[in-house]
Amino acid sequence: DAKTTQPTSMDCAEGRAANLPCNHSTISGNEYVYWYRQIHSQGPQYIIHGLKNNETNEMASLIITEDRKSSTLILPHATLRDTAVYYCIVRAAPNSGYSTLTFGKGTMLLVSP
Amino acid sequence: KAGVTQTPRYLIKTRGQQVTLSCSPISGHRSVSWYQQTPGQGLQFLFEYFSETQRNKGNFPGRFSGRQFSNSRSEMNVSTLELGDSALYLCASSFDRQETQYFGPGTRLLVL
Numbered sequence: 013d014a015k016t017t018q019p020t021s022m023d024c025a026e027g028r029a030a031n032l033p034c035n036h037s038t039i040s041g042n043e044y045v046y047w048y049r050q051i052h053s054q055g056p057q058y059i060i061h062g063l064k065n066n067e068t069n070e071m072a073s074l075i076i077t078e079d080r081k082s083s084t085l086i087l088p089h090a091t092l093r094d095t096a097v098y099y100c101i102v103r104a105a106p107n108s109g110y111s112t113l114t115f116g117k118g119t120m121l122l123v124s125p
Numbered sequence: 050k051a052g053v054t055q056t057p058r059y060l061i062k063t064r065g066q067q068v069t070l071s072c073s074p075i076s077g078h079r080s081v082s083w084y085q086q087t088p089g090q091g092l093q094f095l096f097e098y099f100s101e102t103q104r105n106k107g108n109f110p111g112r113f114s115g116r117q118f119s120n121s122r123s124e125m126n127v128s129t130l131e132l133g134d135s136a137l138y139l140c141a142s143s144f145d146r147q148e149t150q151y152f153g154p155g156t157r158l159l160v161l
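Those sequence lines, one after another, are chains A and B.
Sequential numbering from 13 applies to the first sequence in this note's numbering.
Sequential numbering from 50 applies to the second sequence in this note's numbering.
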């Protein structure tokens with residue numbers, strides 16, 4: 013799996029947009045970018061994933077650069093409950109036979125009042 | 050639809066004992082993966098089961114084993130527990146092997 017690089021920590025004011033970057037410069041053409049978050053001592057929560065196009069769901073938006081070497085997770089209106097560790101994961105291609113998630117250290121997002 | 054459930058949620062064991070953890074996947078999901086999370090090593094993949102067969106295994110000693118039943122429920126077993134096995138054990142399920150994995154709340158194991 014391609015390796016990802018994320019900032020160790022970020023701060024965001026409540027109500028503002030949180031933009032979490034992820035670098036995955038060695039990603040292969042058919043590997044997906046997944047985002048999960050983990051609130052302290054809970055199981056990771058799936059947020060969103062994408063291949064090439066930008067994606068949006070009720071939780072967040074995912075912006076993937078045209079060269080696919082980096083992506084940004086956007087939480088449009090951060091709340092205190094969004095305080096968590098956010099993991100950016102590059103997942104092996106569907107036909108690779110390898111389906112595990114390889115977690116890095118993630119970004120600790122602290123949302124403050 | 051109910052999420053992934055794991056039992057027990059908390060467990061205290063002593064060195065040398067063995068432990069069995071259980072995971073019930075989301076209804077209809079056929080793939081179950083297990084992960085170990087410790088402060089020092091982070092989240093690490095243990096093994097994956099699909100159709101009652103182990104499909105992938107992480108870099109863990111043979112003391113760690115698992116199985117999957119015909120209803121997709123899974124168990125993992127750790128024998129001869131060591132202090133370093135203290136961790137949060139997470140189970141994740143997906144409809145198929147390549148589909149999105151959804152995690153349970155985890156079982157927190159403390160080995161004394």
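Positions of the beta carbon are idealized from the N, C-alpha and C atoms, including for glycine.
In this structure, DSSP gives G109(A) a state outside helix and strand, which the three-state scheme calls coil. Here R93(A) carries a helix assignment [DSSP, helix/strand/coil]. Taking 8 angstroms as the CB threshold, Y110(A) lines the interface with chain B. For I76(A), the uninterrupted beta strand (DSSP E) run begins and ends at 73-76, by DSSP. Counted as a single uninterrupted DSSP element, the stretch harbouring R79(B) is not any beta strand (DSSP E), since DSSP gives it neither H nor E. Measuring C-alpha to C-alpha distances from N65(A) to each of I76(A), M71(A), S124(A), H52(A) identifies I76(A) as the nearest. Here DSSP, grouped into helix, strand and coil, assigns D134(B) to helix. Under DSSP, R103(A) shares a beta bridge with Y44(A). If you check the CB distance, A90(A) and C24(A) come in under 8 angstroms. For chain A, the residues of the region 143-157 of chain B that bring a beta carbon within less than 7 angstroms of one of its beta carbons are R146, Q147, T149, Q150, Y151, F152, G153, P154, G155, in chain order. The region 129-140 of chain B and the region 85-96 of chain B touch, with no fewer than 3 CB-CB distances between them shorter than 8 angstroms. Beta-bridge partners of Q57(A) (DSSP): R49(A). The continuous beta strand (DSSP E) containing P33(A) extends over residues 30-35. Cα atoms of D145(B) and V81(B): separation of roughly 9 angstroms, rounded to the nearest angstrom.
Put simply, the CB of E97(B) is near chain A, with a gap under 8 angstroms to one of its CB atoms. A105(A) and S40(A) do touch by the CB rule: their CB atoms are close to 7 angstroms apart, below 8 angstroms.
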